[in-house]
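Heads up, this note's numbering is the position in the sequence shown plus 40, with the first residue counted as 1.
Where is the CB? At the ideal position from N, CA and C, for every residue including glycine.
Down below is the structure, laid out as structure tokens.
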Amino acid sequence: MSENWYSQTMRKIHFDMHTPENVENVGKDFDPQAFASAIKKTGAQAVCFFARCAYGWSYYPTQVGLPHPHLMRDVFGDGVKAMKESGIRVISYVAIDNIPKPLAEKHPEWCSRKSDGSIRAGHGTGTMACPSIFINEMLIPQFIEITKLYQVDGFFLDGVYQYFGNVCYCETCKQSYGKDIPQEPNDPNWRAFRHWQVQNIWSNLGKAADEVKRVNPDCLMGVNWLSSIRWSVPPPESMGYLTGDPPLHNGTFETAFNLSAWAWRDKPSDLMNERMLHHWQDFTCRTPETIETEYATALAGGGKLFIGDLLKPVDVKPDPEIMKLHRKCFDFIISREESTENAKLLSDIAILSSPETIRGANWSVDETPLRGTYLALIEGGLTADILYDADIKDNISRYKALIIAEQQFIGRNSAISIMDFVKSGGGLIVIGAIPKIVDPDEPDSSADITVFEEIIGLKYQGDYPYNLGYLLLRGTKAEGFWRDGDDFLPPIPVHGKSIKTSVINAEILAPFTAPGQTYQIGAMPYGETLESPALSQNKYGKGNVLFCSLPIASDYWRRGNPGAKYIVQKMVRRVISELAIERIGSSSVQVYVSKCDGKTIIHLVSYQPDRRTGFPQVVESPSAVTGIIVKLTDKREPTSIYMKPENRILEVKREGKYLIVQVP
Numbered sequence: 041m042s043e044n045w046y047s048q049t050m051r052k053i054h055f056d057m058h059t060p061e062n063v064e065n066v067g068k069d070f071d072p073q074a075f076a077s078a079i080k081k082t083g084a085q086a087v088c089f090f091a092r093c094a095y096g097w098s099y100y101p102t103q104v105g106l107p108h109p110h111l112m113r114d115v116f117g118d119g120v121k122a123m124k125e126s127g128i129r130v131i132s133y134v135a136i137d138n139i140p141k142p143l144a145e146k147h148p149e150w151c152s153r154k155s156d157g158s159i160r161a162g163h164g165t166g167t168m169a170c171p172s173i174f175i176n177e178m179l180i181p182q183f184i185e186i187t188k189l190y191q192v193d194g195f196f197l198d199g200v201y202q203y204f205g206n207v208c209y210c211e212t213c214k215q216s217y218g219k220d221i222p223q224e225p226n227d228p229n230w231r232a233f234r235h236w237q238v239q240n241i242w243s244n245l246g247k248a249a250d251e252v253k254r255v256n257p258d259c260l261m262g263v264n265w266l267s268s269i270r271w272s273v274p275p276p277e278s279m280g281y282l283t284g285d286p287p288l289h290n291g292t293f294e295t296a297f298n299l300s301a302w303a304w305r306d307k308p309s310d311l312m313n314e315r316m317l318h319h320w321q322d323f324t325c326r327t328p329e330t331i332e333t334e335y336a337t338a339l340a341g342g343g344k345l346f347i348g349d350l351l352k353p354v355d356v357k358p359d360p361e362i363m364k365l366h367r368k369c370f371d372f373i374i375s376r377e378e379s380t381e382n383a384k385l386l387s388d389i390a391i392l393s394s395p396e397t398i399r400g401a402n403w404s405v406d407e408t409p410l411r412g413t414y415l416a417l418i419e420g421g422l423t424a425d426i427l428y429d430a431d432i433k434d435n436i437s438r439y440k441a442l443i444i445a446e447q448q449f450i451g452r453n454s455a456i457s458i459m460d461f462v463k464s465g466g467g468l469i470v471i472g473a474i475p476k477i478v479d480p481d482e483p484d485s486s487a488d489i490t491v492f493e494e495i496i497g498l499k500y501q502g503d504y505p506y507n508l509g510y511l512l513l514r515g516t517k518a519e520g521f522w523r524d525g526d527d528f529l530p531p532i533p534v535h536g537k538s539i540k541t542s543v544i545n546a547e548i549l550a551p552f553t554a555p556g557q558t559y560q561i562g563a564m565p566y567g568e569t570l571e572s573p574a575l576s577q578n579k580y581g582k583g584n585v586l587f588c589s590l591p592i593a594s595d596y597w598r599r600g601n602p603g604a605k606y607i608v609q610k611m612v613r614r615v616i617s618e619l620a621i622e623r624i625g626s627s628s629v630q631v632y633v634s635k636c637d638g639k640t641i642i643h644l645v646s647y648q649p650d651r652r653t654g655f656p657q658v659v660e661s662p663s664a665v666t667g668i669i670v671k672l673t674d675k676r677e678p679t680s681i682y683m684k685p686e687n688r689i690l691e692v693k694r695e696g697k698y699l700i701v702q703v704p
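As structure tokens, this is what we get:
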């Protein structure tokens, strides 16, 4: 088997073409050679092309599924042949969540069931599919059929989130689970069921990837959002790549944030951004500067490029004007992509996302505190990755500090590894909650808080009754936790529930201040300062542990609270004595560092959207990366430092163990 081709393929286009059964003459005016020629001119190296859409119809003469009732030719097969002849790799798009009405009537056992036993409606006239039996009895045979009929290089499976968002109560799922399936998140068995559900779906999709590889060992499978932060479970080993199509509120941040959980792994990954302004039902074109900023972020963040587009079902013809847009944006990245080949991303900080936080939630991890933490770090010129519970044991030693932000529960095994990490000198920051440790199959009542009470040096005394708390830094040991350079230290209000603790052996840096009497039509200024700590510090083994009792991570993401951001940033600098890299300068510039063949590659990505409030954000005039200082810990003497793509030589200063580079 050859090397994973996806890791060497930077530029890809996906074309969406979900077509209900009432659309006639599907593919009637399709010109495969013209299609392939148009793609080739953009510089794309691979195309994701429709084999099966979200309505469940196939676009080739399948013997396993159902062709679209008005399919006029083998659109998929003819397109694959033309693109392969043009040197373009082809990924087969297969939607996995919907069953067309005729197929559902023939196989009712494949249909997803509601808790009352009724069939769950799907797209159009179809039904939703059961994630257990449908994958094994229908989808895997169709994957094998496609792999044998056509020279596809991979699969892109879409719709896995429907399996989680719509719990199936069919007899097959009940028998596989072995007990009653919970109906509400407050059921004590909810977490155990969600754990089984993930393992079941991961196992079935992993089996699908293995079956495809038996036919073609080089054919790779990826699943839209599989192993994303929303589930926080690593991918099956058989998966070829990781991918997801993010919302377009802020594609640059979505790219950086989601890649932080993927790009450090051994599998190639990308975020499928779109050329459309308002997602898949919109033909409004985005500006090239917006797309290029997202591309630059993906490249710097260790990812590949994937851009989504639309096709009309009769002529299946790419818009020639949009192809010029793709050409322009790919040209921007071609001059930069060489520097990332075989490079390995490095970060100082790990952020934990535990699937145990799904307890009491609906179907996915609450990303709010993770987003707030990550944003605070990158705006502070710091580098960070996101790790899941199952990642901690084998990977935490790569980092200098771990942040656990508002995670009520984490897994027992990861807790043991975290203890060892801190005892050995690793830094730990805990925000907004003292985590309870628990295994997936255990009820909440079995969760143990004492492990992290010992690590933090505080005892949990319950939650405060307020949805607001204050930090007053003046006159405390945390005066330095505000932004450098200011001569004022304003009160920092933080929205959300804070926890009350008593000291075991931690040092209080700043006490908690309760909200005062309401006035000003609902305003609550700061009131009484209490004995319970808001910020504390504890020595655990050789490691330094900082704790904040207020939910500063989620408050920064929800409200943009600058004081909350500064505290996160200063907590990191308190627990890490020596950063591998730091960006000094504008908070709009994100820094990445990677290494390859003795070279250190530093990426600086600037993000400056327009002034319009609301979403999606648009970039038209990217701000120049200038006046930035990069501080790199490296005892080696550099032979040269140059700036790409201009190949401009930069000066470097040595300050002890640090290399100081200023971007002109």
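Open item on the list: Measuring only the C-alpha atoms, how far is ASP137 from GLU407?
Closed with: 24 Å
Task: Residue range of the alpha helix (DSSP H) that includes LEU410 - done: 408-419
Open item on the list: So for ASP198, helix, strand or coil by DSSP?
Closed with: strand
Task: C-alpha distance - ASP250 paired with PRO181, whole-angstrom precision - done: 12 Å
Task: Alpha-carbon spacing of MET564 relative to GLY509, whole angstroms - done: 10 Å
- [ ] Output the residue ranges of the beta strand (DSSP E) runs that lie fully inside the segment 638-697 and measure 3 residues or longer, sorted by chain position.
- [x] 639-646, 668-673, 692-695
Task: Cβ-based burial, GLY567 [other Cβ within 10 Å; buried from 16] - done: exposed
Task: Contacting residues, own chain, Cβ-Cβ under 7 Å from MET363 (five flanking each side not counted) - done: ALA78, LYS81, THR82
Task: Opening and closing residue of the beta strand (DSSP E) in which VAL543 lies - done: 539-543
Open item on the list: If I measure Cβ to Cβ from PRO573 and keep anything under 8 Å in the same chain, skipping five residues before and after, which residues do I get?
Closed with: LEU498, THR541, VAL543, ALA546, ILE548, LEU549, ALA550, PRO551, PHE552, PHE587, SER589
TODO: Have a look at THR337, PHE297, TRP304, LEU288 and flag the residue whose alpha-carbon is nearest the alpha-carbon of ASP322.
DONE: LEU288
Open item on the list: By alpha-carbon positions, which one of ASP355, GLY625, GLY520 ends up nearest to GLY67?
Closed with: ASP355
Open item on the list: If you follow the beta strand (DSSP E) that SER572 is in, where does it begin and where does it stop?
Closed with: 566-580
Open item on the list: Closest to GLY421 by C-alpha separation, out of LYS675, TYR46, LEU299, ILE669, would be which residue?
Closed with: ILE669
Task: Whole-angstrom distance between LYS476 and THR490, CA atom to CA atom - done: 8 Å
Open item on the list: Measuring straight from C-alpha to C-alpha, what distance separates CYS210 and GLY117?
Closed with: 35 Å
Task: GLY467 versus ARG438 - alpha carbon distance - done: 12 Å
TODO: Please confirm whether LEU339 and ARG376 have their CB atoms less than 8 Å apart.
DONE: yes
Task: Per-residue DSSP class, three states only, for GLN557 - done: coil
Open item on the list: Helix, strand or coil, according to DSSP, for HIS235 in the structure here?
Closed with: helix
TODO: For LEU385, collect the residues of the same chain with a Cβ closer than 6 Å to its Cβ; drop the 5 residues on either side in sequence, then sort them by chain order.
DONE: ALA303, TRP304, GLY342, SER634
TODO: Would you decide whether HIS318 is buried or exposed? Buried here means 16 or more other CB atoms lie within 10 Å of its CB.
DONE: exposed
Open item on the list: Distance check for TYR428 and ASP156, CA to CA, integer angstroms please.
Closed with: 35 Å
Task: Exposure of VAL87, with buried meaning 16 or more beta-carbon neighbours within 10 Å - done: buried
Open item on the list: Distance check for ILE607 and ILE689, CA to CA, integer angstroms please.
Closed with: 37 Å
TODO: Would you identify the three-state DSSP class for TRP97, choosing helix, strand or coil?
DONE: strand
Task: 8 Å CB neighbourhood of PRO678 in its chain, flanking five on each side removed - done: VAL692, LEU699
Task: Proximity winner among LYS357, LEU365, ASP434, ILE444, relative to GLU396 (alpha-carbon distances) - done: ILE444
Task: Whole runs of the beta strand (DSSP E) within the segment 458-503, excluding any shorter than 3 residues - done: 467-471, 476-478, 498-503
- [ ] Output the distance between the C-alpha atoms of ILE131 and ALA620, rounded to the nearest integer angstrom.
- [x] 38 Å
Task: Three-state secondary structure (DSSP) of PHE70 - done: coil
TODO: Spell out a yes or no on whether the segment 478-490 and the segment 389-404 are touching, meaning 3 or more CB-CB pairs, one atom from each, closer than 8 Å.
DONE: yes
Open item on the list: With a threshold of 8 Å, are at least 3 pairs of Cβ atoms found where one atom belongs to the segment 206-223 and the other to the segment 184-191?
Closed with: no
Open item on the list: Which of the three DSSP states is assigned to GLU547 in this structure?
Closed with: strand
Open item on the list: One question on the structure: do ALA296 and THR327 come within less than 8 Å of each other, judged by their Cβ atoms?
Closed with: no
- [ ] Taking all protein chains shown into account, decide if GLN501 is buried (16 or more other Cβ within 10 angstroms of its Cβ) or exposed.
- [x] exposed
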